[in-house]
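Asks: Before anything else, here's the structure in question.
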Amino acid sequence: MEQILQQTLLYDFYGELLTEHQQNVYEQVVLNDLSYSEAASELGISRQGVHELIKRCNKILESYEARLHLVERFLGIRENVRKIQELSVRWKEKSGEEPAGQIYLIAERILEEL
Numbered sequence: 006m007e008q009i010l011q012q013t014l015l016y017d018f019y020g021e022l023l024t025e026h027q028q029n030v031y032e033q034v035v036l037n038d039l040s041y042s043e044a045a046s047e048l049g050i051s052r053q054g055v056h057e058l059i060k061r062c063n064k065i066l067e068s069y070e071a072r073l074h075l076v077e078r079f080l081g082i083r084e085n086v087r088k089i090q091e092l093s094v095r096w097k098e099k100s101g102e103e104p105a106g107q108i109y110l111i112a113e114r115i116l117e118e119l
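When the count follows my numbering, it moves up by one through the sequence shown with no breaks and lands on 119 for the last residue.
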């Protein structure tokens, strides 16, 4: 998985478990795409401090995922719902039956909630 997407998902699931300072720095660099230098200047800390904090946050977030697997489960559910959608489209194309359309809509709502 692309690193930025992985970091974003990890932060979405576990970011609240970081300290407020860690959240602020992580959001500036990872979510707002500031360079270490820009974030350091804005936050009043050294560039090296930003770099070390991002590394530490990544390790913390990855350790939560290693124990809880919430991102992995989320991605698995999303993939399975997409498969349901694909199958319902094929079913409707072959048979023209209405339940296929209803299944597709239910799957769509599940994806929106995820």
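The beta-carbon is built from N, C-alpha and C at its ideal position, and this holds for glycine as well.
Using alpha carbons as the reference points, say which of Asn29, Glu91, Glu57, Tyr19 lies closest to Ala112.
Replies: Looking up residue 112 in the sequence shown gives position 107. Among Asn29, Glu91, Glu57, Tyr19, the Cα nearest to that of Ala112 belongs to Glu91.
Asks: Is the segment 61 to 68 close to the segment 13 to 30, with three or more CB pairs under 8 Å?
Replies: With a cut-off of 8 Å, the segment 13 to 30 and the segment 61 to 68 count as touching, because enough Cβ pairs lie within range.
Asks: Could you give the DSSP three-state label for Thr24: helix, strand or coil?
Replies: The residue labelled residue 24 in the question sits at position 19 within the sequence shown. Looking at Thr24 - three-state DSSP - the assignment turns out to be coil, as it is neither helix nor strand.
Asks: Leaving aside the five residues before and after Ala105 along the sequence, list all residues of the same chain whose C-beta is less than 6 Å from its C-beta, in chain order.
Replies: Locating residue 105 in the sequence shown gives position 100, where the first residue counts as 1. The answer, listed in chain order, is Ser93, Trp96, Lys97.
Asks: Answer with buried or exposed for Ile9, where buried requires no fewer than 16 other C-beta atoms within 10 angstroms of its C-beta.
Replies: On the sequence shown, position 4 is the one that residue 9 refers to. Ile9 comes out exposed.
Asks: For Ile115, which of Ile82, Lys99, Gly101, Ser100 has the nearest alpha-carbon?
Replies: What you label residue 115 is simply residue 110 of the sequence shown in a count that begins at 1. That would be Ile82, whose Cα lies nearest to the Cα of Ile115.
Asks: Measure the beta-carbon distance from Glu47 to Gln28 and round it to whole angstroms, keeping in mind my assumption that it falls under 8 Å.
Replies: Here residue 47 refers to the residue found at position 42 of the sequence shown. Here residue 28 refers to the residue found at position 23 of the sequence shown. That pair is no contact at about 15 Å.
Asks: Can you list, in chain order, the residues of its chain whose CB lies under 7 Å from that of Tyr69, leaving out five sequence neighbours each side?
Replies: Counting from one through the sequence shown, the residue named residue 69 turns up at place 64. Excluding positions up to five away in sequence, the list reads Tyr19, Leu22.
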